[in-house]
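Here is the structure we will look at.
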């Protein structure tokens, strides 16, 4: 460590003491309200921080003095934990861990940027204060959710860094890294929506369940709500509004996905998506305000499935590659008109692979305006498919939302034509 100027050294030491006092207050509130003999607290932690800093200043080369002090602290804590008072509860590791962190605050403040010490202290205080809430998570979070979180870490932390960044085939300009990053992006959006739908108190929060359903999958939300329309055996303004709102959110979801990979493309596409989303949202609110039958409101909550299944992710990655190869072939064979036809075809199934392929430059030789038109055509085609699903699963009761979805499809095609002719 280079020698700090006197004023900067004084400021660092004052920061260490202040952070130790802050942590000591939280520690005493949790552990010392009933038993004062527990080691640590508002006086002990600042003393430990100053000891750690002073010992480091004595011998900064190898930290031998700091290590000696650490051994002494460990012996002291071991003696206390080995011979606890008969009236005290079983010892917890949080007590020695807190004392250890307080001691190390001194060297950390001298060696690292101030934000490191602040972040460590604030995290420690939050963990101390949230003791009861964190322990209750054991009963709230099921084992399956831990497995789901583990799958997410596998997708992001293991597979993504390992896939190559270079192209592996001349059939597509996409790299394995880009393909898997696209998979991670879609899975992350769906996973966040999945967690909110499952654990947030949104079941009676007006149209919010439909909003989250649209962020997860507007098609799945449409199918589930259409089935509820058939069960209700009458036109339900609540469910109709939920179906339309899920599609309105789909446009925003597409914009977010595109922006992650190509900001300029997303900015060009944004006016069309925002206008369609606003119109869809207004039509959904109009449905929501319609008079309801005496039965009252119907729940719009949709129970989502785990979006982080590894086989599903692999299939999705394969679809992106296939769509990219087909798009390149269609572009070379039929030009931009062929891509427009292809976008209408893929929109009848799943538009995410097609949009992700475009966002990553999978279709070369087309203007941004034409690519925006292709995205809007795919979204419009997807609305036609959802209108068919609504009628198929909801019957006559789903006519109103189906008509609205078809109207949004027409508006989407008009917006695509505007991009081609005027943008």
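Residue numbers (our numbering): 5 to 427.
Where is the CB? At the ideal position from N, CA and C, for every residue including glycine.
Using only the alpha-carbon positions, how far apart do residue i and residue j sit?
i	j	result
residue 272	residue 424	12 Å
residue 21	residue 319	55 Å
residue 133	residue 106	16 Å
residue 410	residue 391	7 Å
residue 388	residue 352	7 Å
residue 67	residue 8	17 Å
residue 448	residue 10	Lying outside 5 to 427, the shown extent of the chain, residue 448 is not represented and no answer is given.
residue 247	residue 265	28 Å
residue 400	residue 249	20 Å
residue 56	residue 70	6 Å
residue 365	residue 50	56 Å
residue 120	residue 78	24 Å
residue 17	residue 24	11 Å
residue 161	residue 76	39 Å
residue 263	residue 269	7 Å
residue 298	residue 245	Interpretation of residue 298 is limited by its pLDDT of 47, a score under 50 that renders its predicted location unreliable; the figure taken from the coordinates is listed afterwards. Cα-Cα distance, rounded: 17 Å.
residue 393	residue 402	9 Å
residue 81	residue 199	41 Å
residue 373	residue 234	41 Å
residue 381	residue 285	19 Å
residue 99	residue 123	19 Å
residue 349	residue 340	14 Å
residue 163	residue 47	48 Å
residue 278	residue 251	12 Å
residue 292	residue 261	28 Å
residue 183	residue 315	15 Å
residue 335	residue 367	7 Å
residue 186	residue 27	42 Å
residue 275	residue 419	10 Å
residue 417	residue 377	8 Å
residue 333	residue 193	30 Å
residue 361	residue 137	43 Å
residue 386	residue 148	32 Å
residue 218	residue 254	6 Å
residue 413	residue 231	22 Å
residue 15	residue 61	15 Å
residue 178	residue 325	8 Å
residue 322	residue 356	12 Å
residue 337	residue 359	20 Å
residue 168	residue 174	15 Å
residue 85	residue 59	25 Å
residue 127	residue 102	11 Å
residue 379	residue 33	56 Å
Considering residue i, what are the terminal residues of the alpha helix (DSSP H) in which it resides?
i	result
residue 83	68-86
residue 362	356-363
residue 289	267-292
residue 111	98-115
residue 403	403-426
residue 129	118-133
residue 34	10-35
residue 351	First-last for residue 351: undefined, no H or E at that position.
residue 398	372-398
With residue i and residue j assumed to form a contact (beta carbons below 8 Å), what rounded beta-carbon distance in angstroms separates them?
i	j	result
residue 176	residue 328	4 Å
residue 153	residue 110	About 35 Å separates the two Cβ atoms, so there is no contact after all.
residue 225	residue 214	6 Å
residue 191	residue 159	6 Å
residue 118	residue 13	At roughly 13 Å, the Cβ-Cβ gap does not stay under 8 Å, so residue 118 and residue 13 are not in contact.
residue 172	residue 180	6 Å
residue 415	residue 283	6 Å
residue 407	residue 370	Incorrect: roughly 33 Å between the Cβ atoms, too far for contact.
residue 287	residue 383	Not confirmed; about 16 Å, so no contact.
residue 30	residue 129	4 Å
residue 156	residue 195	6 Å
residue 216	residue 240	19 Å between Cβ atoms; not a contact.
Next on the checklist: To test your reading of the DSSP string, which unbroken alpha helix (DSSP H) runs of 4 or more residues are found completely within the region 174-256?
Outcome noted: 180-203 and 212-236
Checklist entry - What are the complete alpha helix (DSSP H) segments, minimum 4 residues, inside the region 43-67? => result Correct list: 48-62.
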